[in-house]
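Remarks on the structure that follows.
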Amino acid sequence: MVVVPDPVPTKPYKRLFARLLKENGKTDRYDDALLSEARKRGLDPRLLKAIIAAESEFNPKALSPKGALGLMQVMPATAESMGVPRGLIKDPWQNIRAGAAYIAKLYEVIAARHNMKGVRMADAPVWMVQRVIASYHAGPKFLARGSWYKSTRLYVRKVLLFYQSRVTDVRRQSSAAVPAEGLTVAWN
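Using my numbering, the first residue of the sequence shown is number 366, and each one after it goes up by one.
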């Protein structure tokens, strides 16, 4: 079992956090969509926001070299499999919908594999949440793998750093805003 230790932000991350915090309008623009999708799927909106920060730094027009699109850098085939047509994947709300649905699906698979069906992701052990994050980045095979590529470990660390920062504060209130256990906000 791979568990990424509680990461401590380096100076470059602290500078990135400071830059993004100055752009509150940019980082908070999609909070309503995050809260809606998190509530619908039993996810932590702060975790969704951390993945957006890590994937695109809140750029809805982001395009990866591999063809992933939008805020959550969703591959078109993945979006379609989550019920979002290719033509809508660039829409920020639809992109969040596809990304959140995929995260929920990954969690559903790992929860069933470990006899935790019915346990909300917010109540899951940290290692399971980390595997979902790794699988979002590198593919579903990482739900079962005991070792990860260095780039995947760094990605999980990056998401956790964003999760712990004020960048991922959800500034609109909702009953869906339940942090995943063990992913506590450690510093400001």
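Virtual Cβ for every residue (Gly too), placed ideally from N, Cα, C.
Cβ-Cβ distances below 6 Å link L526 to P372, P374, Y378 in the same chain, with the five nearest sequence neighbours on each side left out; the list follows chain order.
Contact check between the region 461 to 478 and the region 381 to 392: fewer than three CB pairs, one atom from each, fall below 8 Å, which does not count as touching. For H479, there is no enclosing alpha helix (DSSP H), since its DSSP letter is neither H nor E. Looking at the backbone, the Cα of V494 and that of P450 are separated by about 27 Å. For the 8 Å CB-CB criterion, M437 and G464 form a contact. In this structure, L399 keeps its C-beta atom at 8 Å or more from the C-beta atom of K376. Per the C-alpha coordinates, the member of S516, R510, V491, E402 positioned closest to H502 is S516.
For V491 against Y472, the beta-carbon gap comes to about 13 Å, at or over 8 Å, which does not count as contact. DSSP, reduced to helix, strand and coil, places L408 outside both helices and strands of the structure shown, so it counts as coil. In the structure shown, the three-state DSSP call for V532 is helix.
Scanning W458, G407, E445, L412 for the CA closest to the CA of T533 turns up L412. Contact between V535 and P410 holds, since their C-beta atoms are separated by about 5 Å, short of 8 Å. For L434, DSSP records a beta bridge to L428, V439. Cβ-Cβ distances below 8 Å link R406 to A465, A466, I468, A469 in the same chain, with the five nearest sequence neighbours on each side left out; the list follows chain order. Apart from sequence neighbours up to five positions away, the residues of its chain that approach M447 with a beta-carbon distance below 6 Å are A463, A466, Y467, ordered along the chain.
Restricting attention to A444, W458, A509, R518, the CA atom closest to the CA of A476 is found in A509. CA-CA distance, D397 to S530, rounds to 19 Å.
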